[in-house]
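Student: For reference, the structure I am asking about is given below.
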Amino acid sequence: QKEVEQNSGPLSVPEGAIASLNCTYSDRVSQSFFWYRQYSGKSPELIMSIYSNGDKEDGRFTAQLNKASQYVSLLIRDSQPSDSATYLCAVNLFSGGYNKLIFGAGTRLAVHP
Amino acid sequence: GAGVSQSPSNKVTEKGKDVELRCDPISGHTALYWYRQSLGQGLEFLIYFQGNSAPDKSGLPSDRFSAERTGGSVSTLTIQRTQQEDSAVYLCASSRLFHEQFFGPGTRLTVL
Chain A
38 QKEVEQNSGP
48 LSVPEGAIAS
58 LNCTYSDRVS
68 QSFFWYRQYS
78 GKSPELIMSI
88 YSNGDKEDGR
98 FTAQLNKASQ
108 YVSLLIRDSQ
118 PSDSATYLCA
128 VNLFSGGYNK
138 LIFGAGTRLA
148 VHP
Chain B
1444 GAGVSQSPSN
1454 KVTEKGKDVE
1464 LRCDPISGHT
1474 ALYWYRQSLG
1484 QGLEFLIYFQ
1494 GNSAPDKSGL
1504 PSDRFSAERT
1514 GGSVSTLTIQ
1524 RTQQEDSAVY
1534 LCASSRLFHE
1544 QFFGPGTRLT
1554 VL
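Line order of the protein sequences matches chains A and B. For this note's numbering, add 37 to where a residue sits in the first sequence, where the first one is 1. For this note's numbering, add 1443 to where a residue sits in the second sequence, where the first one is 1.
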């Protein structure tokens, strides 16, 4: 089992809809969770971080964390074509005496007009 | 600037040549990471620095790859005797200890 798993997509949603991106992780003791957005040809950009169970909202983005079920999700409301990108889930894992960020392979989101 | 910087932005080299890639982290960030991303692929972890030491080199794909960090700041990733399969974007990220990572713009390496 991969440490961080995401559906590779593409996830296709119409403009204005809610895009729901999901991520599961294997390490029960992970405490920090991040979502990065990566446009084609660009480097990953941090868009959300979440540390406790529940929802965290930032503008059109909502991150949801459920540690008991070991999943974290990202909702994008009122999706825009400019949201089309690959979304990377990242989970902190303390391993080998240090803190390591494990990335999922990413979900490609396509928002069509 | 306040972000992570990397140089060069693009590097084209011939097979068998050595290359050096540079990363300048955000000031005050003690942790520094190198990743590799091939076209259409996910992030491949290469090496992690805490200060000047590298507690995790597990991702380096072969002994042709090495990295160092001096003064707890700038890091250099060196690839010796480059091969065509080394062609990729090399990304550097930095963070404060146990915090989120911030990425540089990357160096696109092309080995002919």
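Heads up, the beta-carbon is just placed ideally off N, CA and C, and yes, glycines get one too.
If we define contact as Cβ-Cβ less than 7 Å, is residue 29 of chain A a contact residue for chain B?
Tutor: Since the first residue of chain A shown is 38 and the last is 150, residue 29 of chain A is not available in this structure.
Student: For the structure I just gave you, are there three or more beta carbon pairs, one from the stretch 1453 to 1465 of chain B and one from the stretch 133 to 144 of chain A, closer than 8 Å?
Tutor: no
Student: Can you find a C-beta in chain B that's less than 7 Å from the C-beta of residue 135 of chain A?
Tutor: The count along the first sequence starts at 1 and reaches residue 135 of chain A at position 98. Taking Cβ atoms only, chain B reaches closer than 7 Å to residue 135 of chain A, which makes this a yes.
Student: Run through DSSP, which three-state label would residue 119 of chain A get?
Tutor: Here residue 119 of chain A refers to the residue found at position 82 of the first sequence. Helix.
Student: When the Cα atoms are used, what is the spatial distance from residue 132 of chain A to residue 150 of chain A?
Tutor: Along the first sequence, one-based indexing puts residue 132 of chain A at 95. Along the first sequence, one-based indexing puts residue 150 of chain A at 113. Between residue 132 of chain A and residue 150 of chain A, the C-alpha separation is close to 44 Å.
Student: Identify, in the order they occur along the chain, each residue of the same chain with its Cβ nearer than 7 Å to the Cβ of residue 1554 of chain B, setting aside the five sequence neighbours on each side.
Tutor: Translated into the one-based positions of the second sequence, residue 1554 of chain B becomes position 111. 1456, 1458, 1525, 1526, 1527, 1529, 1530, listed in sequence order.
Student: Check the Cβ-Cβ distances between residue 1544 of chain B and every residue of chain A, and say whether any is below 7 Å.
Tutor: Looking up residue 1544 of chain B in the second sequence gives position 101. For residue 1544 of chain B, the answer is yes, since a Cβ of chain A falls inside 7 Å of its Cβ.
Student: Per DSSP, what kind of secondary structure is residue 1480 of chain B in: helix, strand or coil?
Tutor: As a working note, residue 1480 of chain B is residue 37 in the second sequence. Correct three-state label for residue 1480 of chain B: strand.
Student: With 7 Å set as the bound, which would you pick, yes or no: does the beta-carbon of residue 1492 of chain B sit closer than that to a beta-carbon of chain A?
Tutor: Along the second sequence, read from residue 1 onward, the residue named residue 1492 of chain B stands at position 49. Chain A contact via Cβ: absent.
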